[in-house]
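Heads up, the thing below is written out as structure tokens.
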Ligand code: ATP
């Protein structure tokens with residue numbers, strides 16, 4: 299597969315401050331690639347360098363094999379959708395979408411055909427003459443995306459485009475965006491601080507922290523095999539413990555849990571366990587399964603997903619345990635003792 303974008307050792311400094319620190323990665327043509335990270339980690343700066351709004355201090359980037367050194371934004375085969383969308387409020391939907399084509403002096407008939415096709419693609423037929431100010435938040439999103447895609451960029455950059463929407467609409471739009479990207483086949487590079495958006499929509503996700511990539515992987519691998527403690531804590535829900543001792547394949551946590559985890563060739567400092575990795579009331583002889591005694595603090599019913607918050611050895615450290623979908627939890631009560639198991643493979647240990 300060819301790469302639509304190659305980033306080679308790209309660094310961006312603002313004075314003494316390094317916002318992006320020697321990042322290298324490739325993006326497959328036609329994929330949905332997300333850059334996920336907390337506020338200030340350098341996502342927007344990286345995106346702005348791809349678009350050409352910011353010049354890299356070191357390193358080089360290539361779009362379809364061509365170096366972007368000295369190439370201004372308008373000459374790059376990329377387009378960007380901003381969080382605030384930047385639509386023209388006084389224009390109707392059709393005129394917003396046609397704007398870029400008119401600027402490129404595309405003949406009128408071609409412009410009309412491309413705008414009509416694009417509005418069909420994004421489900422806005424019938425809205426051509428509406429002013430964008432009269433549309434819903436989700437419809438405005440689609441106009442912004444149509445306005446960018448109609449220019450046929452090699453890469454569409456999306457800078458937290460769902461950030462301003464309410465939760466329900468965001469949930470809906472992330473599914474729409476994923477489907478739209480697959481139908482159209484344009485490469486999307488999407489930046490977000492929302493791990494659920496990144497996991498649901500992307501083929502590949504790069505987790506960014508303090509200007510560096512911690513891990514670049516498929517959503518499934520990021521979740522199942524986080525390579526660093528930052529990724530383990532940032533992606534998905536996890537119970538995090540400090541490891542105070544490790545010897546002869548046995549680790550001891552800060553709250554006195556002793557668990558067998560052989561085969562670690564470093565001194566672990568952190569232990570992560572996913573809420574859904576726990577097995578309730580396991581039999582004693584389950585191979586490779588470690589047992590932990592807990593006490594139920596609270597039962598957290600959340601419609602589709604019930605969890606237990608429990609404590610270990612009278613410490614105040616709570617552990618979240620997901621119950622299986624059809625679990626009968628009516629018998630469980632606050633204050634009850636609870637025996638749980640966890641497979642050794644699900645004890646994720648890290649050095650830092
Ligand atoms: P957010 O999600 O909050 O937008 P981000 O991950 O997109 O965060 P960036 O906007 O890339 O973060 O900023 C990364 C760091 O670089 C921040 O500490 C920011 O203050 C700094 N920074 C960004 N632009 C400039 C600039 N023009 N001059 C100085 N520092 C800057």
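Residue numbers (the numbering used here): 299 to 650. All C-beta atoms, glycine included, are put in the ideal place defined by N, C-alpha and C.
Using three-state DSSP, classify residue i as helix, strand or coil.
i: residue 519; result: helix
i: residue 631; result: coil
i: residue 368; result: coil
i: residue 310; result: strand
i: residue 481; result: helix
i: residue 353; result: coil
How would you call residue i, buried or exposed, if buried means at least 16 neighbouring beta carbons within 10 angstroms?
i: residue 442; result: buried
i: residue 515; result: buried
i: residue 610; result: buried
i: residue 473; result: exposed
i: residue 566; result: buried
i: residue 379; result: buried
i: residue 346; result: buried
i: residue 459; result: buried
i: residue 534; result: buried
i: residue 450; result: exposed
i: residue 439; result: buried
i: residue 312; result: exposed
i: residue 457; result: buried
i: residue 493; result: buried
i: residue 532; result: buried
i: residue 445; result: buried
i: residue 596; result: exposed
i: residue 384; result: exposed
i: residue 624; result: exposed
i: residue 365; result: exposed
i: residue 330; result: buried
i: residue 353; result: exposed
In terms of residue numbering, what span does the alpha helix (DSSP H) encompassing residue i cover?
i: residue 335; result: Where residue 335 is concerned, there is no enclosing alpha helix (DSSP H), although the beta strand (DSSP E) it sits in stretches over 330-335.
How far does the beta strand (DSSP E) with residue i in it extend, from its first residue to its last?
i: residue 345; result: Segment 341-349 is the alpha helix (DSSP H) holding residue 345; no beta strand (DSSP E) there.
i: residue 621; result: Taken as a continuous stretch (DSSP letters only), residue 621 belongs to no beta strand (DSSP E), as it is neither H nor E.
i: residue 645; result: That residue, residue 645, is in no beta strand (DSSP E); it is neither H nor E in DSSP.
i: residue 326; result: 315-326
i: residue 548; result: 548-551
Any alpha helix (DSSP H) of 4 or more consecutive residues that is wholly inside the region 375-429:
Counting only runs of 4+ residues, the alpha helix (DSSP H) found wholly inside the region 375-429 occupies 391-401 and 406-419, in chain order.
Three or more C-beta pairs below 8 Å linking the region 299-319 and the region 460-473
no
Quick check: the region 417-428 against the region 371-378, are there 3 or more CB pairs under 8 Å?
no
Starting from the N-terminal side, write out each stretch of the alpha helix (DSSP H) that is 4 residues or longer and does not extend beyond the region 558-618.
none
Segments assigned alpha helix (DSSP H), at least 4 residues, entirely inside the region 486-539
Entirely contained in the region 486-539, the alpha helix (DSSP H) runs reaching 4 residues are, in chain order, 493-499, 517-522 and 527-532.
Looking at C-beta atoms only, is the number of pairs between the region 476-487 and the region 310-321 that lie closer than 8 Å three or more?
The count of Cβ pairs closer than 8 Å, one atom from the region 476-487 and one from the region 310-321, stays below three, leaving the stretches out of contact.
Specify whether the region 335-352 and the region 393-404 touch according to this definition: at least 3 beta carbon pairs, one from each stretch, less than 8 Å apart.
No, the region 335-352 is not in contact with the region 393-404.
Are at least three pairs of beta-carbons, each pair with one atom in the region 350-360 and one in the region 501-521, less than 8 Å apart?
no
What are the start and end residues of each continuous beta strand (DSSP E) run of 3 or more residues lying completely inside the region 425-469, in chain order?
453-457
Is the number of C-beta pairs between the region 632-643 and the region 583-599 that are closer than 8 Å three or more?
Put simply, the region 632-643 touches the region 583-599. At least three CB pairs are less than 8 Å apart.
Counting pairs of beta carbons, one from the region 537-556 and one from the region 506-522, are three or more of them closer than 8 Å?
no
Stretch-stretch touch, CB-based, cutoff 8 Å, three pairs: the region 481-491 with the region 513-532
no
Looking at C-beta atoms only, is the number of pairs between the region 559-577 and the region 640-647 that lie closer than 8 Å three or more?
Output reads yes: the region 640-647 touches the region 559-577.
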